[in-house]
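Structure first, then comments.
Protein chains: 2
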Amino acid sequence: MAAMNEEKAMDLVTKKRKLHDEEESDDKFNNLGNIEIVEVLNDNSREKCLFLHTKISGEDAVVLMEKTPFDRNTMTQLVSEDTTLKETLKNDIYSTYEAQLPHHLNAVKATLICPATEKHLSKYRQQKTFAICETKEMYENVTKPYLQEQKFSIQWVYNILDKKSESDRIVFEDACPKDGFILLPDMKWNRKELSQLYLVAIVHTREVLSLRDLNHTHLPLLNNILHKGMEAIRKEFGVKPSKLRMYVHYQPSYHHFHVHFTHLALDAPGFEADRAHLLQDIIENITIKSDYYQQKSIVFKVRECDGLYLKYKETGYFD
Amino acid sequence: MAAMNEEKAMDLVTKKRKLHDEEESDDKFNNLGNIEIVEVLNDNSREKCLFLHTKISGEDAVVLMEKTPFDRNTMTQLVSEDTTLKETLKNDIYSTYEAQLPHHLNAVKATLICPATEKHLSKYRQQKTFAICETKEMYENVTKPYLQEQKFSIQWVYNILDKKSESDRIVFEDACPKDGFILLPDMKWNRKELSQLYLVAIVHTREVLSLRDLNHTHLPLLNNILHKGMEAIRKEFGVKPSKLRMYVHYQPSYHHFHVHFTHLALDAPGFEADRAHLLQDIIENITIKSDYYQQKSIVFKVRECDGLYLKYKETGYFD
């Protein structure tokens, strides 16, 4: 989806003009008039975008639309009498308005993929998500048996721990088989921009599958990861602890205990309060009550396509 | 910060018309013509918003602008010949366009805070952030005294509780002065798209400033909010509990206890694990230990401009 070179672009313009002169059929792309909506695949209100499955002359197509960001270079045109206001609400010093900007400052970026395959449609289709508030009984009776049935391979994790792969990427290691861990950059980080810093601490012990297995016997392990991890990152990358987040996912994406270290400036996916558990909180909760994570209800999200969602659906949880 | 009742709105309209007949000075709120830009406080290209420090008739004001999300209810108007396209790029099956939508589908939400204090300016100014792991001693010695020094007005909250504003927007009320609350849509929600559902439960009691003040005596209040809130939302909007998140901010943006209810599909700002505390977790933690939130360390973020950051900086916390 890259820019064409100029020559090719000129060819296309010529070809288009020709077509335009000969027939009107190319007009469909001057507006959205001949497009039929099949399904809203997804939308995102925070990012102001919309993904549609459509049909164009009988062919499947994806239409992506996204509102454009404000441009700092056009501020004086924006804040002018050409931007009109309609008051919608007023309370004390606060008031809100529906504003209409000058046309050219309020374009929408549209992208068309035509013809689109099923893969394109899946790529943009939203998965419905559901919240589960997992009690200890639900963990024992539904989640745990489900996880035991699954045989997700985590050979790649053992390869790291056994130094069969990625050993050149290790930032820090505490080799103790019980309380030790390996710290290395996450795949999502390019090791360049510090504001996107993302590392993972993978523990040597193979006995902790998730948060649910932690108790007071793991406090040395957890404190090790917290303190030695922060120290290694300060030493290696010059990033202070007050710029870091340390957390664990529940449910994790693989069931071998690991801790995420990310920079505060990174808008990290998976840092939502119904997925991320801060390492400091975990340590303190276990100190308060050794079986905190065996007893406590834990809220987490599942997606429609997750096996765990189907298991919970069978139990009637979502009725 | 919120909707007026209809009568007041009508009064204002009449008053405005009168003023308009008499003089032109009120026109400034029909458009952005008489507003002078002092500084771009921040912008966010992902969220398509812009925060400006401005002057209006010599007074400091904050203007917030945010492009509006696409509305699933207006799809057929959007995908029509009224949406015009200008091709910007074409490569294989991909093409991109600059689109112009029908006016009414492409409004911008503008919020005006006038007069604005330095605190308002700081709130919206782009800032470096820092993590603080606040122990109970740090809360007692630094945070609490700081908050007591501050006199941030929450008159708008009392206006809601006293039914002086927004009473027409109330979705549910439990009027008990000790365990009751008012549930109403947050300013950020237009009450239309359910996937963006955002309500706030504001408690009647004025004694709970934040999470730090909660103990077992508040369990009836918290359970009330959880269960009656979920039930009211199911009844009023048809949204099931498994589609909802209920949480509290620490630090909150105003110190009068309130709980956020948002739809799972909403990528809600402020739902990060170092700011949002799930209501279910709060109830369970207090049940485990009545003084959990007085004893526990709590991690939260501060920005460079926050008074609280400066207080902690003075103590040498960030060295």
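Line order of the protein sequences matches chains A and B. With the numbering used here applied, the first sequence corresponds to residues 15 to 333, in that order. With the numbering used here applied, the second sequence corresponds to residues 15 to 333, in that order. Backbone N, C-alpha and C define an ideal beta-carbon position, used for all residues, glycine too.
Interface residues of chain B facing residue i [CB-CB closer than 9 Å]
i	result
residue 83 of chain A	57, 58, 59, 60, 61, 62, 63, 64 and 81
residue 47 of chain A	93, 94, 95, 96 and 97
residue 265 of chain A	Those within 9 Å of residue 265 of chain A in chain B number zero; the least Cβ separation is about 15 Å.
residue 313 of chain A	259, 292, 294 and 295
residue 332 of chain A	254 and 256
residue 310 of chain A	295, 298, 299 and 302
residue 247 of chain A	Simply none; closest approach about 13 Å.
Interface partners of residue i on chain A, CB under 8 Å
i	result
residue 135 of chain B	Within 8 Å Cβ-Cβ: nothing; residue 135 of chain B doesn't reach chain A, min ~13 Å.
residue 107 of chain B	127, 128, 129 and 130
residue 166 of chain B	In chain order: nothing, as chain A lies at least about 12 Å away.
residue 239 of chain B	Neighbours of residue 239 of chain B on chain A: none; closest Cβ ~15 Å, over 8 Å.
residue 54 of chain B	86 and 89
Beta-carbon gap between residue i and residue j smaller than 8 Å
i	j	result
residue 287 of chain A	residue 307 of chain B	no
residue 317 of chain A	residue 323 of chain A	yes
residue 273 of chain A	residue 293 of chain A	yes
residue 124 of chain B	residue 76 of chain B	no
residue 304 of chain A	residue 149 of chain A	no
residue 111 of chain A	residue 135 of chain B	no
residue 120 of chain B	residue 122 of chain A	yes
residue 84 of chain B	residue 79 of chain A	yes
residue 284 of chain B	residue 263 of chain B	yes
residue 256 of chain A	residue 145 of chain B	yes
residue 68 of chain A	residue 54 of chain A	no
residue 128 of chain A	residue 73 of chain A	yes
residue 160 of chain A	residue 330 of chain A	no
residue 235 of chain A	residue 193 of chain A	yes
residue 58 of chain A	residue 281 of chain B	yes
residue 143 of chain A	residue 246 of chain B	no
residue 138 of chain A	residue 65 of chain A	yes
Three-way DSSP call (helix, strand, coil) for residue i in this model
i	result
residue 11 of chain A	Residue coverage of chain A in this structure runs from 15 to 333, which leaves residue 11 of chain A outside it and unanswerable.
residue 81 of chain B	strand
residue 137 of chain A	helix
residue 222 of chain B	coil
residue 323 of chain B	helix
residue 264 of chain B	coil
residue 259 of chain B	strand
residue 289 of chain A	coil
residue 74 of chain A	strand
residue 208 of chain B	helix
residue 310 of chain B	coil
residue 179 of chain A	coil
residue 145 of chain B	strand
residue 38 of chain A	Model confidence at residue 38 of chain A stands at a pLDDT of 41, short of 50, so the residue's coordinates are unreliable and nothing is read from them.
residue 50 of chain B	strand
residue 108 of chain B	strand
residue 295 of chain B	helix
residue 97 of chain B	coil
residue 69 of chain A	strand
residue 173 of chain B	helix
residue 318 of chain A	coil
residue 217 of chain B	strand
residue 185 of chain A	coil
residue 123 of chain B	strand
residue 246 of chain B	helix
Interface partners of residue i on chain A, CB under 7 Å
i	result
residue 88 of chain B	Those do not exist, as residue 88 of chain B stays about 11 Å from chain A at its closest Cβ, beyond 7 Å.
residue 147 of chain B	294
residue 43 of chain B	99 and 101
Interface residues of chain A facing residue i [CB-CB closer than 9 Å]
i	result
residue 186 of chain B	Near residue 186 of chain B there are no residues of chain A at all, since even the closest Cβ is about 20 Å away, more than 9 Å.
residue 73 of chain B	Result: empty, since nearest Cβ-Cβ is about 10 Å, beyond 9 Å.
Nearest-angstrom beta carbon gap, residue j and residue i [assumed within contact, 8 Å]
i	j	result
residue 185 of chain A	residue 223 of chain A	Rounded, the Cβ-Cβ distance is 24 Å, inconsistent with contact.
residue 141 of chain A	residue 319 of chain A	6 Å
residue 230 of chain B	residue 296 of chain B	Contact flag wrong, Cβ pair sits at about 12 Å.
residue 218 of chain B	residue 190 of chain B	7 Å
residue 244 of chain B	residue 225 of chain B	Between residue 225 of chain B and residue 244 of chain B the Cβ distance is about 20 Å, and since that is not below 8 Å, they are no contact.
Under 7 Å from the C-beta of residue i: neighbouring residues of chain B
i	result
residue 259 of chain A	145 and 288
residue 285 of chain A	286 and 287
Within chain B, the residues that residue i reaches when beta carbons sit closer than 8 Å
i	result
residue 110 of chain A	123, 124, 125, 126 and 201
residue 113 of chain A	46, 79, 121, 122, 123 and 124
residue 70 of chain A	Within chain B, no residue comes near residue 70 of chain A; the closest Cβ sits about 11 Å away, beyond 8 Å.
The ligand SAH heavy atom lying under 7 Å from the CB of residue i
i	result
residue 140 of chain A	You won't find the ligand SAH in this model; it holds no ligand whatsoever.
Please determine if the stretch 180-197 of chain B and the stretch 231-239 of chain B are in contact, where contact requires at least 3 C-beta pairs separated by less than 8 Å. yes
Answer yes if the stretch 200-219 of chain B comes into contact with the stretch 82-100 of chain B, meaning at least three C-beta pairs across the two stretches below 8 Å, and no otherwise. yes
Indicate whether the contact test is met: 3 or more Cβ pairs, each with one atom in the stretch 92-104 of chain B and one in the stretch 89-108 of chain A, closer than 8 Å. no
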